[in-house]
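Q: In terms of my numbering, the sequence shown is numbered consecutively and its last residue is 699.
The C-beta atom is built at its ideal place from N, Cα and C for all residues, glycine as well.
Here it is, the structure, as structure tokens.
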Amino acid sequence: MLSPLGKGIFALIILATISGFLIPVIQRIRIITSGQPDQRFRNLARRMASSLSKILLQRCTLKNERVFSGFMHVFIFYGALTFDTMSLNHTLEGFFSDFYLFGDTGFGLFYSLMVDVFAVLVLIGVLFFAFRRFVIRPKAYATTPGDSLIIYVALFLITLSYMYFEIFAIAHHPESERLAFLGGYLARSLTAGLSSAVITQHFYIAWWLHILLVFGFIVYVPHSKYFHMFAGSFNLLVNRDTPMGELPALDIENSEVFGIEKGLDYTWKDLLDPFACMECGRCQDACPAFASDKPLSPKMIIYNLKQHLLQSRSQYTSKDRDGLKALMDGVFTPDEIWSCTTCGACMHVCPVEIEHIPKIVGLRQGQVLMESKFPGELNAFFRNMETNSNPWGIGFSDRAAWAEGLNVKLLSESSHADYLFWVGCAGSFDEEGKKISRALVSILQKARIDFAILGAEEKCCGDSARRLGNEYLYQMQAAENILAFHNAKVQRIITICPHGYNTFKHEYSALLPLLPDLPAEAKESFARIEINHHTQLIAELLREGRIHLNSGKDLLLTYHDSCYLGRHNGIIREPREILARIEGAKFKELPQCREHSFCCGAGGGLMWTEESLGQRINHMRTDEIISASPDLAVTSCPFCQTMLHDGLKDKDQSHIQVKDIAQLVAESLAD
Ligand code: SF4
Ligand code: SF4
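Printed below as a string of structure tokens:
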């Protein structure tokens, strides 16, 4: 449709647009690829199928609480796809008059209908997001308002300018109406009476206006959070194929830097995440640290990392590690990184599957292992772990003292047991934890399960030390435990602690190749061990009729999902299945439950630090329990139990009891 001169100018504009888009994109790719290697392309076909289904079905944005915003995002997403295709058509139309990508096919008719439908939906979506951001102004949206404004105005004008073009295109060539109901109606209403010269003039003005707006926006996209359209989609392709609760193993033997000191210590995937972030703030809304007024926002961790990457672009692209400032030197603060409970709420809600926890724990590792900088109260914790392998520092030889008189076998004295009952530190030394251990013993004995404990040969599983950044201590304890399992010929483990469960189930296996001193047979036998949380085993025993529960407890129960059991490991059904079998008891879910549960505040090793900033997280969770007015709050983690117990006591609500599910079952066991 353009003259030869017009085509020449248009070709130059296209080249300028492509360069304007590609130059910043290449700069960002160079920053990302400066990171450490990370194997993220295994099972590529499965990854592609999974990411495509998340993107095309918009499962990524519809998966969580913000369902209404999710639908608005769907409008804009499909609108963008439709208009991107139309922009290609529009561009080619500049060179070939009356060009229509889909010709006179059925799909061509359908597509012309969809363009008008999505023009309306995109305008609705944009107005919704603009209203939300600039009128309602939630904290989650606080970053880069200027960028948002440019995006909303650009999308609005691009859509309107397309409609302007469509109206005059139909007036100019009535056959191009096809099923464009809106353009057709507006063309008949607005252009009636206009001369063909005026219509032609508007047709060309509208064409140029629309294409220049589109090209201008294309050049802007790499500098904006709208870039998540590309980086976020790629992020979904290369997401972790390991469970959310599993931290990557640190190769202590072959590393020069332990943990993260500078941005170049992160993997390329860690450096991709900030560019994938759409700054939606879902992670911040879900974060218990942010909700309790601590100086941590998972969104700001990602946002500040992106600002730093762009500010230090030349050091990243030239891999100049010496020229880079340390991340804890102004990019992040100690109060931020030591406020994380590793609850996983941020990662669970993130539409583009950004991985916040490994970044935060990596920084803790750098602080602990390279700088010896950590909250003062952890001195005692690390010392106690090193000397007695438990956080309280109680003599390790007393580890089986809780079982006195219970007729519990020690594996060291017994040639075989079907199950190892992994008691854990809380189950061995904490007064409330010991009650859980005794309760589980009575259940196992009632079901005639052949089990034994390790006693003094059991060490801490290492979860807290690991999440507090002391990978060295964790690996030492893990190696000793794996050897103890091998020596005792352990085949199946039951644990009352979700942290132990998560560590054995996911993290020890990843560590095996990094423990050169561990005998190969010990590694092989560990790989065959079956790991069970006690809720799984109790549910199975009830299902199989190996234990029965008495009826008649007239109690209102509620259940607190432990982050490491529910969200990190998906064990959500089993505890509810058990509670449903307690006849006569009524059950009420907490507002934040299942995979959306709110942390008790003890995860990430924070059980062992002082919570001096903001509100106490356990008080916030306790408030939720108090408003449900149960007789009994049931837990399935000794740390959660302690935190809720303390919270209810602090709030003078001790008439609401807190018990582990094993205690409730043990009390309800029928003869
Ligand atoms: S893991 Fe939990 S506490 Fe840590 S940043 Fe994410 S939501 Fe916040
Ligand atoms: S990290 Fe994920 S959830 Fe958080 S703001 Fe970015 S895209 Fe949203």
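On the criterion of 16 or more Cβ atoms from any shown chain inside 10 Å, does arginine 476 qualify as buried, or is it exposed?
A: Arginine 476 is exposed by the Cβ-count criterion.
Q: Here's the rule I'm using: 16 or more other beta-carbon atoms within 10 Å means buried, otherwise exposed. How should glutamate 549 be labelled?
A: Counting Cβ neighbours within 10 Å, glutamate 549 comes out exposed, since fewer than 16 surround it.
Q: List the residues that DSSP assigns as beta-bridge partners of phenylalanine 286.
A: DSSP lists no partner for phenylalanine 286.
Q: For methionine 356 and leucine 391, what's the separation of their Cα atoms in angstroms?
A: Going from the Cα of methionine 356 to the Cα of leucine 391 covers about 8 Å.
Q: Taking the CB atoms as reference points, tell me whether glutamate 623 and arginine 601 lie closer together than 8 Å.
A: Result no, Cβ atoms of glutamate 623 and arginine 601 do not sit closer than 8 Å.
Q: Would you report the Cα separation of alanine 516 and methionine 257, rounded to the nearest angstrom?
A: So the alpha carbons of these two residues sit roughly 53 Å apart.
Q: Name the two residues that bound the continuous alpha helix (DSSP H) containing arginine 56.
A: Looking at the DSSP string, the run of the alpha helix (DSSP H) that includes arginine 56 is 32-60.
Q: Please state whether DSSP places valine 436 in a helix, a strand or coil.
A: Three-state DSSP puts valine 436 in coil, outside helix and strand.
Q: Can at least three beta-carbon pairs, one atom from the region 414-421 and one from the region 343-355, be found at a separation below 8 Å?
A: With a cut-off of 8 Å, the region 343-355 and the region 414-421 do not count as touching, because too few Cβ pairs lie within range.
Q: Measure from the alpha carbon of serine 664 to the alpha carbon of each residue in Cys311, Thr113, Glu460, then state which is nearest.
A: For the residues Cys311, Thr113, Glu460, the minimum Cα distance to serine 664 belongs to Glu460.
Q: Please classify lysine 614: does DSSP put it in a helix, a strand, or coil?
A: In this structure, lysine 614 counts as strand in the three-state DSSP scheme.
Q: As an exercise, report each continuous alpha helix (DSSP H) stretch of at least 4 residues that is fully enclosed by the region 169-239, in chain order.
A: Counting only runs of 4 or more, we get 173-200, 209-218.
Q: By how many angstroms is the C-alpha of phenylalanine 209 removed from the C-alpha of valine 148?
A: C-alpha separation (whole angstroms): 12 Å.
Q: Between the region 611-629 and the region 582-594, are three or more C-beta pairs nearer than 8 Å?
A: The region 611-629 is in contact with the region 582-594.
Q: Express the C-alpha separation of phenylalanine 49 and leucine 43 in angstroms, rounding to a whole number.
A: Cα to Cα, the separation comes out at about 10 Å.
Q: Would you say the beta carbon of glutamate 307 comes nearer than 7 Å to a heavy atom of ligand 2?
A: Indeed, a heavy atom of ligand 2 lies less than 7 Å from the Cβ.
Q: Distance, Cα to Cα, isoleucine 684 vs serine 470?
A: Cα to Cα, the separation comes out at about 24 Å.
Q: Have a look at Arg644, Leu80, Glu486, Arg56 and flag the residue whose alpha-carbon is nearest the alpha-carbon of tryptophan 296.
A: Among Arg644, Leu80, Glu486, Arg56, the Cα nearest to that of tryptophan 296 is on Arg56.
Q: Taking the straight line between their C-alpha atoms, what separation do you get for leucine 397 and methionine 76?
A: Whole-angstrom Cα-Cα distance: 38 Å.
Q: Does the pairing of the region 603-614 with the region 363-380 give three or more beta-carbon distances under 8 Å?
A: Output reads no: the region 363-380 does not touch the region 603-614.
Q: Shortest alpha-carbon distance to leucine 540 belongs to which of Ser553, Asn530, Gly528, Asp659?
A: Nearest C-alpha to leucine 540: Ser553.
Q: I'd like to check one pair, isoleucine 481 with valine 518: are the Cβ atoms closer than 8 Å?
A: Cβ atoms of valine 518 and isoleucine 481: not closer than 8 Å.
Q: Determine the extent of the alpha helix (DSSP H) in which glutamine 503 is found, giving its start and end residues.
A: First-last of the alpha helix (DSSP H) with glutamine 503: 499-515.
Q: Classify threonine 369: buried if its beta carbon has 16 or more other beta carbons within 10 angstroms, exposed otherwise.
A: Looking at its Cβ environment, which holds 16 or more other Cβ atoms inside 10 Å, threonine 369 is buried.
Q: If you drop the 5 nearest sequence neighbours on each side, which residues of the same chain put their C-beta closer than 7 Å to that of leucine 438?
A: The residues are Ala428, Ala480, Ile481, Gly483.
Q: In this structure, how does DSSP classify leucine 584 when only helix, strand and coil are distinguished?
A: Correct three-state label for leucine 584: strand.
Q: Can you name the residues that DSSP bridges to methionine 481?
A: The question names methionine, but residue 481 in the sequence shown is isoleucine. Note: isoleucine 481 sits in a beta bridge opposite Leu438.
Q: Report the option in Arg268, Ala259, Gly134 whose CA atom is closest to the CA atom of arginine 68.
A: Selected option, being the one with the closest Cα: Arg268.
Q: Just to check, is the beta-carbon of proline 316 closer than 7 Å to a non-hydrogen atom of ligand 2?
A: No, Cβ of proline 316 sits at least 7 Å from all heavy atoms of ligand 2.
Q: Is any heavy atom of ligand 2 found at a distance shorter than 7 Å from the C-beta of proline 326?
A: Yes, the beta carbon of proline 326 sits closer than 7 Å to at least one heavy atom of ligand 2.
Q: Can proline 386 and proline 276 be called in contact, C-beta distance under 8 Å?
A: Yes. Within cutoff.
Q: Checking the sheet assignment: what are the DSSP bridge partners for arginine 520?
A: Partner(s): Glu558.
Q: Between proline 526 and serine 590, which are expected to be in contact by the criterion C-beta below 8 Å, what is the C-beta distance as a whole number of angstroms?
A: About 5 Å separates the two Cβ atoms, so the contact holds.
Q: Cutting at 7 Å between CB atoms, please list the residues of its own chain near tyrosine 180, excluding the five before and the five after it.
A: Once the five neighbours on either side are set aside, the close Cβ partners of tyrosine 180 are Val154, Phe157, Ala158.
Q: Let me know the secondary structure DSSP gives phenylalanine 360 once reduced to three states.
A: Phenylalanine 360: coil per DSSP, three-state reduction.
Q: So what does DSSP say about lysine 687, is it helix, strand or coil?
A: Strand at lysine 687.
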